[in-house]
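Note sheet for the following structure.
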Amino acid sequence: MSDVYLNGRFMPMEQAQVPVMDRGFIFGDGVYEVIPVYDRAPLALDRHLDRLAHSLEGVRIANPKSRADWKALVDELITRESAVNQSIYLHVTRGVAPRDHAFPKDATPTVFAMAKPMAPPPLQWLSEGIKAITHEDFRWLKCDLKTTSLLANVLLRQMAVDAGATECLLIRDGYLTEGAASNAMVVVDGLLLAPPRNHLLLPGITYELVLDIAARHHIPFAERPVTEAELRRASEIMMTSSTREIVPITTLDGKPVGNGIPGPVCKKLLSLYQERKRS
Ligand code: PDD
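Position 138 (the sequence shown) corresponds to 741 in my numbering; numbering is contiguous.
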């Protein structure tokens, strides 16, 4: 494992320590980013840094670094990690302060960052698809912020694992929102449908890249609410995320999705996404 970054210094992971009064530890009071790196080049870095800025603003933590400084840090992390394909993790908390829910007056944000090797999703996931379950989305109403308070997501993902599935798709008030740690899209009557970007889901960078690809390659799509009924009769379902790219979901709540094998829209998007990565 390459050295990690904590508050201005690189050090071995074992030496990177945060005081127990860090608000990230006490309250989950922080935000984060995960950026995929292929062949030592970060994919869509500016979009990730834009989203980090949005998350920081949303939780009212002053951005501790300029855009140039974030980029320099990401470059340094990439250089220090030996694997050519990596994921970069950036994490900012409100800092160390006596325990009080209200913001401290003069805390300095804690900045932690690391790089680790990133393996592509297992081949079997792409050839056969994965299983997903559904559950009521019991998270809060600021899901557009990528916060480190992930307890609801953790519980929902574990429900999937307990059921022998890989992801849990979330339903709020009869509509699909996203996955516990991914975005979700469906194909209904030949149309690719993506739940709209609003406060109910994270605006995934992979989601945005997939819709860009669909637009450029004339794959019919719409960004609009997806009902639970549409989810259940979809011919294809897929999840997207920076670390898992695009993965077909071929079993939902124990029932086959469409023919129970990865569908043509998902396969086409996957191959175009590989091209996008290479460019
Ligand atoms: N999670 N929605 C949620 C709730 C997520 O946690 C993620 C990704 C996404 C996909 O966003 P993106 O395409 O930008 O990775 C959507 C990351 C990978 C994680 O928490 O590790």
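The C-beta atom is built at its ideal place from N, Cα and C for all residues, glycine as well. The structure presented is a predicted model; accordingly, all values stated were derived computationally and were not measured.
Identity of the residue in the options nearest residue i by Cα
i, options, result
"Ala817", "Leu875, Phe630, Ile629 and Leu779", "Leu875"
"Ala755", "Phe741, Ala675 and Ser658", "Phe741"
"Gln761", "Lys871, Arg881, Asn862 and Gly782", "Gly782"
"Glu770", "Gly777, Val757 and Lys668", "Val757"
"Thr830", "Ile808, Pro799 and His821", "Pro799"
"Gln877", "Tyr608, Asp642 and His651", "Asp642"
"Leu803", "Gly627, Arg827 and Gly793", "Arg827"
"Gly732", "Met842, Thr750, Phe706 and Leu773", "Met842"
"Pro806", "Asn666, Val637 and Ala705", "Val637"
"Glu833", "Asp649, Val790 and Thr713", "Val790"
"Met788", "Ala766, Val634, Arg836 and Tyr635", "Arg836"
"Ala705", "Ala716, Ser690, Ile664 and Gly611", "Ile664"
"Ile864", "Ile840, Ser844 and Leu759", "Ile840"
"Met717", "Gly861, Phe613, Pro823 and Arg775", "Phe613"
"Leu779", "Leu812, Arg819, Leu814 and Thr737", "Thr737"
"Trp743", "Gly767, Val695 and Arg775", "Arg775"
Sequence-distant residues of its chain with Cβ nearer than 7 Å to residue i (five each side left out)
i, result
"Pro724", "Arg847, Glu848 and Val850"
"Pro615", "Asp606"
"Ala686", "Pro720"
"Ala784", "Asn756, Arg760 and Ser844"
"Tyr692", "Tyr635, Val637, Ala716 and Met717"
Cβ-heavy atom distance, residue i to the ligand PDD, below 7 Å
i, result
"Glu781", "yes"
"Leu805", "yes"
"Ala797", "no"
"Tyr876", "no"
"Thr809", "yes"
"Asn756", "yes"
"Ala656", "no"
"Val677", "no"
"Val637", "yes"
"Ser669", "no"
"Thr769", "no"
"Asn862", "no"
"Ser845", "yes"
"Asn688", "no"
Near the ligand SAH: residue i beta-carbon under 7 Å from a heavy atom
i, result
"Asn801", "Annotation note on the ligand SAH: not contained in the displayed structure, which lists the ligand PDD as its ligands."
Cα-Cα separation, residue i to residue j
i, j, result
"Asn942", "Tyr810", "The displayed coordinates of the chain run from 604 to 882. Any statement about residue 942 would go beyond what the structure contains."
"Gly866", "Ala647", "27 Å"
"Val868", "Ile681", "33 Å"
"Asp856", "Lys719", "33 Å"
"Gly793", "Gly627", "44 Å"
"Glu739", "Leu773", "6 Å"
"His657", "Asp747", "9 Å"
"Pro707", "Pro622", "15 Å"
"Asp653", "Ala675", "15 Å"
"Trp728", "Thr854", "12 Å"
"Pro667", "Gly861", "47 Å"
Neighbourhood of residue i by C-beta, 6 Å cutoff - its chain only, sequence neighbours within 5 removed
i, result
"Arg702", "Ile629"
"Gly661", "Leu748"
"Gly631", "Thr751 and Ser752"
Cutoff 8 Å: residue i Cβ touching any chain D Cβ
i, result
"Pro724", "Absent from the structure is chain D; it holds one protein chain and no more."
Close-in-space but distant-in-sequence residues of the same chain around residue i (CB under 8 Å, 5 per side omitted)
i, result
"Lys745", "Gly661 and His802"
Minimum length 3: unbroken beta strand (DSSP E) runs contained in the stretch 605 to 641
607 to 609, 612 to 614 and 633 to 641
Which residue spans inside the stretch 823 to 878 form an unbroken alpha helix (DSSP H) run of at least 4?
831 to 836
In chain order, what are the residue ranges of uninterrupted alpha helix (DSSP H) at least 4 long that sit wholly in the stretch 700 to 751?
726 to 731
My parser needs the beta strand (DSSP E) runs of 3 or more residues fully inside the stretch 754 to 817; what are they?
770 to 775, 778 to 782, 786 to 791 and 794 to 797
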